[in-house]
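Going by the working numbering, 240 is the number at position 230 of the sequence shown; the sequence numbering is gapless.
A short write-up of the structure that comes next.
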Amino acid sequence: MNPPVQMGVRYGREEGTDIFRDMPLGRLMTLGYEVRQRRLPGHRVTYVIDTNPNYTNVCTTRCAFCAFFRKPGDPDAYLLSPEQVVKKVRIAVDRGATTVLLQGGHHPDVHLMDWIAYIRAIREACPTLHIHPFSPAEYVYMAGQEKAHVRDILGAIYNEGIRTIPGGGAEILSERVRSIVAPGKASGEEWLETCEIAHGIGFKTTATMMYGHVESPEEIVDHLVRLRELQDRTGGFTSFIPWSFKSGGSALGRRRGTEAHPAEYIRVVAIARLLLDNFPHVQSSWFSENIAAGQLGLMAGADDFGGVLIEENVLKDAGHDRAATISHVKTIIRRAGFEPVQRDSLYYPL
Ligand code: SF4
């Protein structure tokens, strides 16, 4: 089947699902690429040099898809001090990192003042480094910890000079899916509401999606349409970043044992470019899938290649261990026919 598509038309849930599910992959990639060229003509593909030192792996939320978390008291549970985080960050800065993406588990003994201590310590040690901290799911958890509204937690972090936050924890926004893969985590509505409040305060955020587990094509498209609706209201999303579920080491992985094919990733990138007509950027990543899928994602409409991560732990704990140097990432982009451009966390070229 080859559902008809007109450029410039905004597709809803039903037509979007038909296109996502039924359109031949080559045609879908071409459409995604055409939309990218209309929005961002040319062949520039951005990347950022960043690091992701998780300040703790302790988490009481215990998402079924997660191989990273440890229960409080587990032998390999850890909570880093601000000094320990700074030590890791300094190593990354020495290697060229311009951004630190700081996230952790939902630790029952970490409070807002601890978050602020991390931010201040990093800022003091590395004043030019962009700090990109804590996902919407973590803000919701922290609001519970502090018995405060999430607006107050976001406001306190904004007052520390933070201007961007990562859009992690969105997974699939459908409550049916979340009740299976992440029943203890912030709901889809809470995730969206937190982003909306953050955008209202003045933050820019990314939006993510982790697919390839129990969701349906309809739920993937619904996720994208809900992001688009929020972006219409706020304009606060900089980029859409998808990745597939990695089955290694998690309860869900033990139950399912399968992962999405890389072709699904390219399909997701292309449909995102088509449906997210109000998003400036769509990411395709060598890191979260593989090099070929990342390159093909660029041919399906993505314009950003994500981070050259100096440190990453979450996917590594799920058996997905990738490493590449800055020059390797630039070569990967060039070999796909694009021009690599280093960017900052607001997607401006450096
Ligand atoms: S995904 Fe995040 S919230 Fe869920 S268990 Fe892992 S660390 Fe905790």
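By construction, the Cβ of each residue, glycine as well, lies at the ideal position given by its N, Cα and C atoms.
| Item | Value |
| --- | --- |
| Along the chain, where does the beta strand (DSSP E) that runs through Tyr221 open and close? | Lys214 to Tyr221 |
| What are the boundary residues of the alpha helix (DSSP H) that includes Glu148? | Pro146 to Glu156 |
| How far does the alpha helix (DSSP H) with Arg264 in it extend, from its first residue to its last? | Ala261 to Arg266 |
| Give a yes or no on whether the C-beta atoms belonging to Val318 and Ile343 are separated by under 8 angstroms. | no |
| Between Pro272 and the rest of its own chain, which residues show a CB-CB distance below 6 angstroms, the 5 nearest in sequence each way excluded? | Glu299 and Ala303 |
| From Lys340 to Pro350, what does the alpha carbon distance come to, in whole angstroms? | 6 angstroms |
| Would the region 286-294 and the region 242-256 be scored as touching if the rule is three or more Cβ pairs under 8 angstroms? | yes |
| Starting from the C-beta of Ala147, find all residues in its chain whose C-beta is less than 6 angstroms away, skip the five residues before and the five after it, and write them out in chain order. | Gly179, Lys195 and Ala196 |
| Is Met250 close to ligand 1? I mean its beta-carbon at under 7 angstroms from any heavy atom of the ligand. | Here the sequence assigns Phe to residue 250, which means Met is not the residue at that position. Answer for Phe250: no, Cβ out of range of ligand 1. |
| Spatial neighbours of His223 within its chain, please: CB distance less than 7 angstroms, with the 5 preceding and 5 following residues excluded, ordered by chain position. | Phe75, Val191, Phe255, Leu262 and Arg266 |
| Given that a residue counts as buried once 16 or more other Cβ atoms are within 10 Å of its Cβ, and exposed if not, what is Leu38? | buried |
| Just to confirm before moving on: does the CB-CB distance between Gly36 and Val235 stay below 8 angstroms? | no |
| Taking Gln305 and Tyr57 to be in contact with their CB atoms under 8 angstroms, please state how far apart those CB atoms are, rounded to whole angstroms. | Actually they do not touch by this definition, with Cβ atoms about 13 angstroms apart. |
| Quick one, which of Thr109, Ile129 and Phe315 has its alpha-carbon nearest Glu10's? | This structure leaves residue 10 out entirely; the chain is present only between 11 and 360. |
| Is any heavy atom in ligand 1 found nearer than 7 angstroms to the beta carbon of Arg72? | yes |
| Between Leu122 and Phe213, what straight-line distance do the alpha-carbon atoms span, to the nearest angstrom? | 18 angstroms |
| Within the continuous beta strand (DSSP E) that includes Leu139, where are the two ends? | Premise fails: Leu139 is in no beta strand (DSSP E) and is neither H nor E. |
| Does DSSP classify Trp253 as helix, strand or coil? | strand |
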